[in-house]
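Here the numbering used here = 1-based position in the sequence shown + 12.
Cβ atoms here follow ideal geometry from the backbone N, Cα and C, with glycine treated the same way.
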Amino acid sequence: MAADQPKVDWLGMHDNATSFLYKQDGAKDDSDTEGAGGKRFLPPSRTVRHCLTMCDFTKEEVVDIIRVAIAMKKSRKIFMETGFDRFSDILKGFSLLTLFEKPSLRTRVSLEVGMHQLGGQAIFYSIADSPLGKKESIEDTGKVLARMCQGITARVASRKAVRSLAEVSDVPVINALDDYAHPMQMFADLQTIVECKGSWDGLTMCYLGDLENNVTYDLMRLAALMGYNMHLAGAGQVEEGVWTEVKALQEKSGSKVEVFKTAQEAAAGVDVVYCDSWMSYGIPKDEEKARIEMFMPYQANAGLMKLAKPDCIFMNCLPAARGMEQTSEVIDGPQSVVFDQAENRLHAQKALLTFLMARKKFDEIVAVPGLPKSGKS
13 MAADQPKVDW
23 LGMHDNATSF
33 LYKQDGAKDD
43 SDTEGAGGKR
53 FLPPSRTVRH
63 CLTMCDFTKE
73 EVVDIIRVAI
83 AMKKSRKIFM
93 ETGFDRFSDI
103 LKGFSLLTLF
113 EKPSLRTRVS
123 LEVGMHQLGG
133 QAIFYSIADS
143 PLGKKESIED
153 TGKVLARMCQ
163 GITARVASRK
173 AVRSLAEVSD
183 VPVINALDDY
193 AHPMQMFADL
203 QTIVECKGSW
213 DGLTMCYLGD
223 LENNVTYDLM
233 RLAALMGYNM
243 HLAGAGQVEE
253 GVWTEVKALQ
263 EKSGSKVEVF
273 KTAQEAAAGV
283 DVVYCDSWMS
293 YGIPKDEEKA
303 RIEMFMPYQA
313 NAGLMKLAKP
323 DCIFMNCLPA
333 ARGMEQTSEV
343 IDGPQSVVFD
353 QAENRLHAQK
363 ALLTFLMARK
373 KFDEIVAVPG
383 LPKSGKS
C-alpha cells in the first residue's frame, strides 16, 4: 500500500454490527458531538417502542406483525429443505437480554431459538434470586443494559417491575409475562387463528376458567382491538382497569366482550374455545383442591365442545393439565391446535422482535403476501 494512500477501516465499513457508525456519501453522523476532549460518540436518537400489553399496538401494526410472522414460518420450512432462510440476517449483531423471575420452557426456548434464527443472540439472566431494584436502582440497571443490548424481555411476577424498566430504558422492553398481560402469547394465538380460520373477522372466542388472569386480560384486549367477539365464563374478577381499556378499544372496533354465568352459555355457537392453567406459577399446594372445585364447572369437555360450532378449534397456551381445565379427549382430539399454537410462539415473537428492535428492516420486509385464506393454503 502506498505511503500516501489513506487507511480504510474495511471491517468497520462492512461489519453489520458497526455499520450504523458510518453514513453514505461521507455524511457526518449527527450523533457525533464536540466535547472538551474532542469528538464523543452518542448512540443515534430514536423513538423507543415498548410492548407491555396489547394496548401498545394499533390494529394495523398487529396485522403487519402477523403477516411477517407467517412469512418467517414459511421461510423456516424452506430452510429445512434448501438451507436458505431469507430472514437469517435480519437481526445480525443484535443482542436480546431475557430476564426471568418466573420459570418458563416455551418462552425461553422460543426467544433463544428465534434470535439465533434471525442472526442475533439472546442472553438469559435469572432475576429470581436477584430482583430488579435490589442491588441497584432500576434506573441504573436500565441505563446500563440499554448500552449493551438492543432489546430486553422480562418475565416477572409483578407489572411494577416491567413498567419501571420500560420507563428508563432506551431500548425496547417487552413483557414476556407479568400479572397484568402476556402480549407475546397473543401474537402467537392470533397467528394460529389466522392459519386455522383464514381471518379473525366475524369470529367469537370463548375463554373458560380463571378470569383474574394475565392471559384473560390480554385476550380481552386483543379481541377488542381486532374487532372480534369474546365470551368469558369463570371465577374471579376482571380488574376495572382492564375493562376501561377494553371499552375504549371496543368503541373503535365494534367488538363485544361479555361475561356469561355458565360455561355452556359462553360456548354456544363459538368458533374458538380457549383455556389456561388453573394452577399458575406460585399457587400454594394447599390451595389446589379449592381451586379445582371452583373452576371445575368451567372445564372444557366433549359435551361442552358440542355446543360450539362444528369447526370450532380448541386452544390452550400451555402448560396444560389433562383432567383439569380440559379433558384429554379435548386437548388430544381433532379440534385441538395447541401444539401449532405453541410452535407459533417462535415465529410470532421473531416478527415482534424485528418490529420493535429493527423497525426500518421490518418496514422493508413487511410487503410479504397477504394473510392466507386458510391454514392449508
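How would you write the range of the alpha helix (DSSP H) that residue i sits in, first residue to last?
i	result
Y229	N226 to M238
I82	K71 to T94
A158	I150 to A158
Q249	First-last for Q249: undefined, no H or E at that position.
I377	R371 to I377
K172	R171 to V180
G145	Run containing G145: none; DSSP gives neither H nor E here.
F199	P195 to K209
R118	R118 to Q129
What are the partner residues of residue i, as DSSP defines its beta bridges?
i	result
I164	L109 and V185
E270	H243
S348	F326
R334	Q338
C63	I186
Tell me which residue opens and which closes the beta strand (DSSP E) that residue i is part of.
i	result
K326	Looking at the sequence provided, one finds Phe at residue 326 rather than Lys. Here the beta strand (DSSP E) through F326 covers I325 to N328.
C428	Any property of residue 428 remains undetermined from this structure, which presents the chain solely from 13 to 389.
A134	Q133 to S138
Ignore the nearest five residues each way along the sequence and tell me which others in residue i's own chain have a CB closer than 6 Å to its CB.
i	result
A278	C218, H243, A245 and F272
R303	W290
A314	E341
E113	I139, A140, V168 and A169
G154	L177, V180 and S181
F367	I77 and F374
T216	N241, V282 and D283
Excluding the 5 residues flanking residue i on each side, which residues of the same chain have their C-beta closer than 7 Å to its C-beta?
i	result
G49	Low per-residue confidence applies at G49: pLDDT is 44, beneath 50, and the placement is therefore not dependable, though the value from the model is reported in the following sentence. Closer than 7 Å at the Cβ level, and outside the excluded window around G49, lies no residue.
H194	N226, V227 and D230
C287	L220, G221, A312, N328, E337 and Q338
R371	none
I150	L144, S176, L177 and V180
A166	L111, A173, V174, L177, V185, N187 and A188
Give me the residue from the options with the minimum Cα distance to residue i.
i	options	result
A360	S181, T59, R88 and D141	R88
T204	L220, H62, K85 and M336	K85
L111	E270, D190, I82 and A247	D190
Q171	T65, K147, Q262 and F99	Just to set this straight, residue 171 is Arg in the shown sequence, not Gln. Looking at the Cα atoms, T65 is the closest of the given residues.
M369	G214, G210, I164 and M336	I164
V168	N187, E124, E179 and Q133	N187
F96	F199, L130 and M306	L130
V250	A333, G154, E224 and I82	E224
M198	K373, R371, A354 and D375	A354
S100	L108, R79 and V125	V125
R120	A260, A158, M196 and C208	M196
K104	H128, S122, H62 and F326	H128
A320	V282, R334, M306 and G210	V282
A332	S348, P322 and M317	S348
L123	V378, L365, I377 and E376	L365
Y137	S116, S292 and D152	S116
P322	K209, L261, K362 and S292	K209
Ignore the nearest five residues each way along the sequence and tell me which others in residue i's own chain have a CB closer than 8 Å to its CB.
i	result
M238	K71, V74, L202, W212, S265 and S267
V60	S181, D182, V183 and P184
Q276	L316 and L319
F91	D97 and S100
Using a C-beta cutoff of 8 Å, does residue i count as contacting chain D?
i	result
V250	Here there is only one protein chain, and chain D is not present.
Is the beta carbon of residue i within less than 7 Å of some heavy atom of the ligand ZN?
i	result
Q203	In terms of ligand content, the structure shown is empty, and the ligand ZN therefore cannot be addressed.
(request) With a floor of 4 residues, list each alpha helix (DSSP H) that falls wholly inside the stretch 273–314, ordered by position along the chain. (result) 275–279 and 300–307
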